[in-house]
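Reading the sequence shown from the start, the letters are residues 145 to 515 in the working numbering.
A virtual CB, placed ideally from N, CA and C, is assigned to each residue, including glycine.
Only a predicted model underlies this, so the values are computations on that prediction, with no experimental measurement involved.
Below is one structure; the comments refer to it alone.
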Amino acid sequence: MRWCTSCILPDTRPGIVMGADGICNACKNSGRKQKEINWDEREKAFRQLVEHVKLRTNRFDCLIPVSGGKDSTWQVVKCLEYGLRPLTVTWKTPVRTAIGQKNLDNLVRLGVDHVDWQVNPEVEKKFLLKAFEKYGATAIPMHMALFNIPLSIAVKFDIPLVVWGENSAFEYGGADEALMGFRLDSKWLSAHGVTHGTTAHDWIDSELSEKDLSSYFGPTDEELEERDIKAIFMGYYFKWDVETSLKVAKAHGFEIASSPRTGIYNYADLDDDFISIHHWMKWYKFGFTRSFDNLSLEIRNGRLTRYQALEILKERGEERPVSDIQKFCAFISVSEDRFFKAVERYRNLGIWYRDLDIWKIRDFLIPDWRW
Ligand SMILES: [Zn+2]
Numbered sequence: 145m146r147w148c149t150s151c152i153l154p155d156t157r158p159g160i161v162m163g164a165d166g167i168c169n170a171c172k173n174s175g176r177k178q179k180e181i182n183w184d185e186r187e188k189a190f191r192q193l194v195e196h197v198k199l200r201t202n203r204f205d206c207l208i209p210v211s212g213g214k215d216s217t218w219q220v221v222k223c224l225e226y227g228l229r230p231l232t233v234t235w236k237t238p239v240r241t242a243i244g245q246k247n248l249d250n251l252v253r254l255g256v257d258h259v260d261w262q263v264n265p266e267v268e269k270k271f272l273l274k275a276f277e278k279y280g281a282t283a284i285p286m287h288m289a290l291f292n293i294p295l296s297i298a299v300k301f302d303i304p305l306v307v308w309g310e311n312s313a314f315e316y317g318g319a320d321e322a323l324m325g326f327r328l329d330s331k332w333l334s335a336h337g338v339t340h341g342t343t344a345h346d347w348i349d350s351e352l353s354e355k356d357l358s359s360y361f362g363p364t365d366e367e368l369e370e371r372d373i374k375a376i377f378m379g380y381y382f383k384w385d386v387e388t389s390l391k392v393a394k395a396h397g398f399e400i401a402s403s404p405r406t407g408i409y410n411y412a413d414l415d416d417d418f419i420s421i422h423h424w425m426k427w428y429k430f431g432f433t434r435s436f437d438n439l440s441l442e443i444r445n446g447r448l449t450r451y452q453a454l455e456i457l458k459e460r461g462e463e464r465p466v467s468d469i470q471k472f473c474a475f476i477s478v479s480e481d482r483f484f485k486a487v488e489r490y491r492n493l494g495i496w497y498r499d500l501d502i503w504k505i506r507d508f509l510i511p512d513w514r515w
């Protein structure tokens with residue numbers, strides 16, 4: 145395992161490529177963003193896009209997939225600023241938190257129409273269990289739903305523009321330059337959609353029919369092309385920074401939590417009780433946690449030194465989300481014993497080894513870590 149000497153991410157993280165100089169592509173992209181991108185030009189391009197869609201439609205100008213989080217609040221504020229009339233769409237998690245609901249209500253009050261789309265919980269339970277047992281991944285149904293539902297609605301209501309937030313391929317540094325642009329398409333989804341490259345078709349079996357999985361199917365690239373529907377990333381047109389979007393969101397009524405639910409931010413991952421499990425599984429699979437991502441971003445943005453980040457990590461440890469795991473087990477009707485046995489199957493033996501009875505990661509970032 146190699147660790148970036150600038151931030152604290154390992155090369156086991158999907159999408160991370162470590163340079164010969166010991167610096168990861170996420171850090172390199174971040175520097176490039178500051179220096180090379182002409183944000184005035186990009187803003188102009190967005191303005192042109194706005195003009196194009198407003199000429200094309202008499203109804204909703206754009207569709208914004210929203211969770212109610214700070215980023216989606218910022219997306220809505222931005223689109224309203226440019227005079228767009230948005231339809232906002234949410235994939236409704238079966239375990240929405242109270243603060244998540246509050247922030248979503250606040251977002252709708254900014255002056256937008258809203259669809260809250262919930263998948264049949266019986267279908268979602270089965271799908272979650274299958275995804276967990278097959279890939280050790282609890283977020284496949286969520287990602288498949290939240291990417292496809294808005295696109296399906298855009299086609300249905302002929303909404304010419306779908307406005308996503310940040311392009312994770314760009315922000316965290318992907319290996320494929322072609323995916324770092326403004327467009328979200330099936331190629332992007334397959335690489336960065338967090339569905340292990342699967343689509344709803346791959347999950348049809350004797351327990352889940354094609355009809356059961358209806359919510360998880362989306363339009364093809366050809367359908368979107370034919371209907372002149374563009375799915376773009378706002379982060380391509382406007383400089384994306386957590387502090388900026390947080391500030392704007394707060395000024396528009398967004399509320400933060402009293403403490404972080406997972407990772408180091410008390411303003412992220414707030415709306416869903418299961419997302420913490422998705423992040424925590426990375427500890428077994430790749431040897432890092434949500435805090436590594438968050439702290440690396442803080443280092444890149446110059447708000448923390450690498451030394452300070454390491455001190456915070458030592459304090460936080462592995463961050464097992466005990467109560468969320470209990471809730472998850474109850475939802476998919478498996479015992480915690482079965483859950484942890486399944487988790488153990490995903491421990492990456494390429495990085496983990498057993499020191500007597502204790503599991504440790506070889507060449508870990510922090511030599512005196514409490515295992
Ligand atoms: Zn780095």
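Review point. Closest to Arg-203 by CA distance: which of Glu-387, Val-256, Arg-176, Arg-514 is it?
Key: Val-256
query: CA-CA distance, Gly-526 and Asn-169?
result: As shown, the chain starts at 145 and ends at 515. That puts residue 526 outside it, with no answer to give.
Short check: CB of Val-221 to CB of Leu-254, under 8 Å?
yes
Pick out whichever of Val-466, Ser-353, Met-288, Lys-374 has its Cα sitting closest to the Cα of His-336.
Met-288
Cα-Cα, which of Pro-209, Leu-273, Gly-244 is closest to Ser-479? Leu-273
Nearest-angstrom Cα distance between Gly-446 and Ala-453? 11 Å
Quiz item: Looking at the unbroken beta strand (DSSP E) that takes in Phe-377, where does it start and where does it end?
Solution: 374-377
(Q) Pairs of beta-carbons, one from the stretch 186-193 and one from the stretch 376-389, closer than 8 Å: are there three or more? (A) yes
Given a threshold of 16 other Cβ atoms within 10 Å of its Cβ, counted over all protein chains shown, does Ile-502 qualify as buried or as exposed?
exposed
Quiz item: Which residue's Cα is closest to the Cα of Thr-282: Phe-291, Asn-292, Lys-269, Gly-431?
Solution: Lys-269
For Tyr-226 and Trp-261, I'd like the C-alpha separation in whole angstroms.
26 Å
Note to self: Between Ala-164 and ligand 1, is there a pair consisting of the residue's CB and a ligand heavy atom that are separated by less than 7 Å?
What the structure shows: no
Any heavy atom of ligand 1 closer than 7 Å to the Cβ of Ala-242? no
Should Pro-511 be labelled buried (16 or more other beta-carbon atoms within 10 Å of its own) or exposed?
-> exposed
Restricting to Cα atoms, I'd like to know which of Thr-433, Phe-432, Asp-416 is closest to Lys-246.
Asp-416
ask   = What runs of the alpha helix (DSSP H), each 4 residues or longer, lie entirely inside the stretch 334-383?
value = 365-370, 378-381
For a test of the three-state rule: what should DSSP assign to Cys-206, helix, strand or coil? strand
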